Amino acid sequence: MAGSIKAVRGTRDLLPPETETWNFVEAVVREVFRVYNFHEIRTPILEDLQLFQRSVGEETDIVSKEMFAWEDRARAQSEKGQWLALRPENTAGVVRAYIENKLWERPGLQRFYYIGPQFRRERPQKGRYRQFYQIGAEVIGPPTAGSESPAVDAEVLEMLATLLDRLGIQHWILELNSVGCAADRQRFNEALRAALKDVVHKMCADCQRRAVTNPLRVLDCKVPEDQPIIESLPKMNEFLDEGCRAHFEEVRKILTAVGVPFKINNRLVRGLDYYTRTAFEFTHGGLGAQNAILGGGRYDGLSESLGGPAAPGIGFAIGEDRLVMTLQETAGTAARSVDIYIAPLGTGMNVEAARLARELRRESVSVIVGDDSFRLKKSLETASKTGARYALIVGENEISSGQFALKNLGTGEQITVARNEIPSKVLPAK
RNA sequence: GUGGGUAUAGUUCAGUGGCAGAACGCCAGACUGUGGCUCUGGAUGUCGUGGGUUCGACCCCCACUACCCACCCCA
Numbered sequence: 021m022a023g024s025i026k027a028v029r030g031t032r033d034l035l036p037p038e039t040e041t042w043n044f045v046e047a048v049v050r051e052v053f054r055v056y057n058f059h060e061i062r063t064p065i066l067e068d069l070q071l072f073q074r075s076v077g078e079e080t081d082i083v084s085k086e087m088f089a090w091e092d093r094a095r096a097q098s099e100k101g102q103w104l105a106l107r108p109e110n111t112a113g114v115v116r117a118y119i120e121n122k123l124w125e126r127p128g129l130q131r132f133y134y135i136g137p138q139f140r141r142e143r144p145q146k147g148r149y150r151q152f153y154q155i156g157a158e159v160i161g162p163p164t165a166g167s168e169s170p171a172v173d174a175e176v177l178e179m180l181a182t183l184l185d186r187l188g189i190q191h192w193i194l195e196l197n198s199v200g201c202a203a204d205r206q207r208f209n210e211a212l213r214a215a216l217k218d219v220v221h222k223m224c225a226d227c228q229r230r231a232v233t234n235p236l237r238v239l240d241c242k243v244p245e246d247q248p249i250i251e252s253l254p255k256m257n258e259f260l261d262e263g264c265r266a267h268f269e270e271v272r273k274i275l276t277a278v279g280v281p282f283k284i285n286n287r288l289v290r291g292l293d294y295y296t297r298t299a300f301e302f303t304h305g306g307l308g309a310q311n312a313i314l315g316g317g318r319y320d321g322l323s324e325s326l327g328g329p330a331a332p333g334i335g336f337a338i339g340e341d342r343l344v345m346t347l348q349e350t351a352g353t354a355a356r357s358v359d360i361y362i363a364p365l366g367t368g369m370n371v372e373a374a375r376l377a378r379e380l381r382r383e384s385v386s387v388i389v390g391d392d393s394f395r396l397k398k399s400l401e402t403a404s405k406t407g408a409r410y411a412l413i414v415g416e417n418e419i420s421s422g423q424f425a426l427k428n429l430g431t432g433e434q435i436t437v438a439r440n441e442i443p444s445k446v447l448p449a450k
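Residue numbers 21 to 450, in the working numbering, belong to the letters of the first sequence in order.
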């Protein structure tokens, strides 16, 4: 239809039966979160622009060029409007809520999870949308509640391994690194800049640019010719202070003990400014260029940089779109088919059909109601197409005798049952 | 923001400078209350949009737009 209104660029409709897979994912995820004592938090999709500038970082691509942001209408003529933004990620919002609602007053560590849309104004491609969905969790609290403990990092990672296994995701890889504290990172950055000065001219054009804008990113380069040079550069782990080193070691020790396989990748750098210490990514093949299915890490200084109390934390975000995509490549989750298609037969039978449908649905039987203008042949044909398990014929004979023709559309077998026995014939035995 | 590809029926895609096609799907029929299989028939398109070349353009040329893939970056 030329000229009709279409979904805006980078957004899309999620339709049945794909939504079944989304619901499956969310149901599994919620159950896992329950077992690990995480509780749902819902923060606004719309936030003050400054929130992201101060947390994610002004210099990051996300904030500098990928945000949907605009100046809101002024409340009074003398005032200026507030700058609003659609959230590009959810950690900042959760930490803002933590501070605003004084959640540090609650006992122990706060363990939140969220499921919801995020927005980034990027060029869409496979596994990347302007409105995309993240499933994430955050553990945050005062240091005295144990929020800095490496045990928390390990537990979160172990939960993620469980989550992916429970979803039936095969062959995931956990890549792990420590990016140190802010001070470590700064020293490393300087060392990197110094080392790059001599060799950067031999590297690809992208790296030459990164060497200036964000040296850490050079480590991420995938150009084969650059690899030997990158190998010769300083390594992050050489710059960790004693505390960070011990923390990282403990995380690895616990993971090994509980049997979660991981790969140390000391070139793993994450794009958001707030990350400290443990940083990780779970990757999966078959996603095209977007092989990261989830990413996360620790953010010990984030709360303070947003004006809150010391509240170290760790969290992650799963790309739900990408998760669903990998699931659909492996196995399809079909919707449970409807139990009964009621085929009203003959004039006036719509009334009887509606009565019966109401009764059956009260007994938890799922029902599609046909139309009495259809001939039986067409009714059964339609019933087949809807995937209904049974067809129930409702005609003059049935009403007068109280005995209904119930046809199993899978086997073709047809039986006669009394009205009140219908549910027990079609519902799975318990 | 940059590069490449694509755009024809509901869907997946063929196609030729001279009447618009297939498969699947959809609708109807094969004698009145029995589906799936089979058979028969049918509908559906401004050939992405706007220009240009031509006697004639779905086809050739130009521009635009959208979508897809990739880069950048990220979930």
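Idealized CB from N, CA, C, for every residue including glycine.
Predicted, not measured: the structure shown is a model, and the values here were computed from it.
> Is DSSP giving T41 helix, strand or coil here?
Replying inline: Residue 41 sits at position 21 when you count from the first residue of the first sequence. In the three-state reduction of the DSSP assignment, T41 falls in the helix class, which pools H, G and I.
> Between F208 and the rest of its own chain, which residues show a CB-CB distance below 6 Å, the 5 nearest in sequence each way excluded?
Replying inline: Here the question's residue 208 lines up with position 188 in the first sequence. Closer than 6 Å at Cβ, skipping near neighbours: M256 and F259.
>> Would you call the stretch 366–385 in contact with the stretch 170–186, where contact means no fewer than 3 C-beta pairs closer than 8 Å?
In response: The stretch 366–385 vs the stretch 170–186: no contact.
>> Please state the DSSP three-state secondary structure of M21.
In response: Your numbering for residue 21 matches position 1 in the first sequence. Reliability fails at M21, whose pLDDT of 49 lies under 50, so the model's placement of it is uncertain and the value that follows must be treated cautiously. DSSP places M21 outside both helix and strand once states are collapsed to three, so it counts as coil.
> Is the distance from the Cβ of A117 to the Cβ of F72 below 8 Å?
Replying inline: Start at 1 with the first residue of the first sequence, and residue 117 comes out as number 97. Start at 1 with the first residue of the first sequence, and residue 72 comes out as number 52. Not closer than 8 Å, so no.
>> Quick check on the DSSP output: what are the complete beta strand (DSSP E) runs of length 3 or more inside the stretch 45–87, in order along the chain?
In response: Within the stretch 45–87, the complete beta strand (DSSP E) runs of at least 3 residues are 66–68.
> Is the stretch 227–236 touching the stretch 198–216, taking contact as three or more C-beta pairs under 8 Å?
Replying inline: Contact between the stretch 227–236 and the stretch 198–216 is present: three or more C-beta pairs spanning the two stretches fall below 8 Å.
> Can you give the beta carbon distance from A174 to V271, rounded, assuming they're within the 8 Å contact cut?
Replying inline: Numbered from its first residue, the first sequence carries residue 174 at position 154. Numbered from its first residue, the first sequence carries residue 271 at position 251. Between V271 and A174 the Cβ distance is about 5 Å, and since that is below 8 Å, they are a contact.
> For L170, does the three-state DSSP call read helix, strand or coil?
Replying inline: Within the first sequence, the letter at position 150 stands for residue 170. Sequence check: residue 170 is Pro here, not Leu. When DSSP states are grouped into helix, strand and coil, P170 belongs to the helix group.
>> How far does the alpha helix (DSSP H) with N209 in it extend, from its first residue to its last?
In response: As a first step, residue 209 must be located in the first sequence, where it is residue number 189. It spans A202 to V219 - the alpha helix (DSSP H) in which N209 sits, taken as one unbroken run.
> Would a C-beta distance cut-off of 8 Å place G77 and D218 closer than the cut-off?
Replying inline: Here residue 77 corresponds to residue number 57 of the first sequence, with the count starting at 1. Here residue 218 corresponds to residue number 198 of the first sequence, with the count starting at 1. Using a Cβ distance threshold of 8 Å, G77 and D218 do not count as a contacting pair.
> When you compare only the Cα positions, how much space is there between A449 and S384?
Replying inline: Counting from 1 along the first sequence, the entry for residue 449 is found at position 429. Counting from 1 along the first sequence, the entry for residue 384 is found at position 364. Between A449 and S384, the C-alpha separation is close to 13 Å.
> Using the rule of at least 16 other Cβ atoms within 10 Å of the residue's Cβ for burial, across every protein chain shown, is E210 buried or exposed?
Replying inline: Residue mapping note: residue 210 aligns to position 190 of the first sequence, counting from 1. Here E210 is exposed, its C-beta having fewer than 16 other C-beta atoms within 10 Å.
>> Let's see if you can read the secondary structure: which residues bound the alpha helix (DSSP H) around V271?
In response: Within the first sequence, the letter at position 251 stands for residue 271. In this chain, the alpha helix (DSSP H) harbouring V271 covers E262 to V278.
>> Going by DSSP in three states, Q247 sits in which element: helix, strand or coil?
In response: Residue 247 sits at position 227 when you count from the first residue of the first sequence. Looking at Q247 - three-state DSSP - the assignment turns out to be helix.
>> Let me make sure I understand the geometry here. Which of I313, Q434 and E178 has the alpha-carbon closest to that of G278?
In response: Taking the first residue of the first sequence as position 1, residue 278 is located at position 258. Rather than Gly, the amino acid found at residue 278 in this sequence is Val. For V278, the closest alpha carbon among the candidates I313, Q434 and E178 is that of E178.
>> Three or more C-beta pairs under 8 Å: does that hold for the stretch 336–347 against the stretch 358–369?
In response: No: the two stretches stay apart, fewer than three of their Cβ pairs being nearer than 8 Å.
> So K283 and I193 are in contact, right, with Cβ under 8 Å, and what is the actual spacing, rounded?
Replying inline: For the purposes of this step, residue 283 is taken as residue 263 along the first sequence, with counting starting at 1. For the purposes of this step, residue 193 is taken as residue 173 along the first sequence, with counting starting at 1. Contact holds; Cβ gap of about 6 Å.
>> Tell me which residue opens and which closes the beta strand (DSSP E) that K405 is part of.
In response: Your numbering for residue 405 matches position 385 in the first sequence. DSSP places K405 in no beta strand (DSSP E) but in the uninterrupted alpha helix (DSSP H) bounded by L396 to T406.
> Got a sec? Which residues, its chain only, sit under 6 Å from A266 by beta carbon, not counting five neighbours each side?
Replying inline: The residue you call residue 266 lines up with position 246 of the first sequence. Excluding positions up to five away in sequence, the list is empty.
> Rounded to whole angstroms, how far is the Cβ of A299 from the Cβ of G317, which I believe are closer than 8 Å?
Replying inline: What you label residue 299 is simply residue 279 of the first sequence in a count that begins at 1. What you label residue 317 is simply residue 297 of the first sequence in a count that begins at 1. That pair is a contact at about 4 Å.
> Do the stretch 400–409 and the stretch 435–445 make contact, defined as three or more Cβ pairs closer than 8 Å?
Replying inline: No contact exists between the stretch 400–409 and the stretch 435–445.
> Which of helix, strand or coil does DSSP assign to Q228?
Replying inline: Here residue 228 is taken as the residue at index 208 of the first sequence, counted from 1. Here Q228 sits in helix by DSSP.
>> Contact between the stretch 117–137 and the stretch 52–60 is defined here as three or more beta-carbon pairs at a separation below 8 Å; is this criterion met?
In response: The stretch 117–137 makes contact with the stretch 52–60; the number of CB pairs closer than 8 Å reaches 3 or more.
>> Once the 5 residues before and after E38 are set aside, which same chain residues still bring their CB inside 8 Å of it?
In response: Looking up residue 38 in the first sequence gives position 18. These residues qualify, in order along the chain: V344 and Q348.
> Among G263, L212 and N428, which one has its Cα closest to the Cα of I250?
Replying inline: Position 230 of the first sequence, counted from the start, is the residue given in the question as residue 250. Nearest of G263, L212 and N428 to I250, Cα basis: L212.
> According to DSSP, which residues form a beta bridge with A165?
Replying inline: Within the first sequence, numbered from 1, the residue matching residue 165 stands at position 145. Looking at the DSSP assignment, A165 forms no beta bridge with any residue, so it has no partner.
> Which stretch, first to last residue, makes up the alpha helix (DSSP H) that contains Y149?
Replying inline: The sequence position of residue 149 within the first sequence is 129, counting from 1. Where Y149 is concerned, there is no enclosing alpha helix (DSSP H), given that its DSSP letter is neither H nor E.
> Which value, in whole angstroms, describes the spacing of the CA atoms of P170 and A203?
Replying inline: For this step, residue 170 is matched to residue 150 along the first sequence. For this step, residue 203 is matched to residue 183 along the first sequence. Taking the straight line joining both Cα atoms gives about 19 Å.
> Can you round the beta-carbon distance between F139 and R150 to whole angstroms, since I take them to be within the 8 Å contact cut?
Replying inline: Position 119 of the first sequence, counting from 1, holds the residue named residue 139. Position 130 of the first sequence, counting from 1, holds the residue named residue 150. At roughly 6 Å, the Cβ-Cβ gap stays under 8 Å, so F139 and R150 are in contact.
>> Once DSSP output is grouped into helix, strand and coil, what is the label at P443?
In response: Here residue 443 refers to the residue found at position 423 of the first sequence. Shown here, P443 sits in a helix according to DSSP, grouped into three states.
> Mind pulling the beta strand (DSSP E) runs of 3 or more residues that sit fully within the stretch 90–118?
Replying inline: Positions of the beta strand (DSSP E) runs, each at least 3 residues long and wholly inside the stretch 90–118, are given as 103–106 in order along the chain.
> When the Cα of S357 is compared with those of A312, R409, Q310 and R382, which residue comes out closest?
Replying inline: The count along the first sequence starts at 1 and reaches residue 357 at position 337. Closest option to S357, Cα to Cα, is R409.
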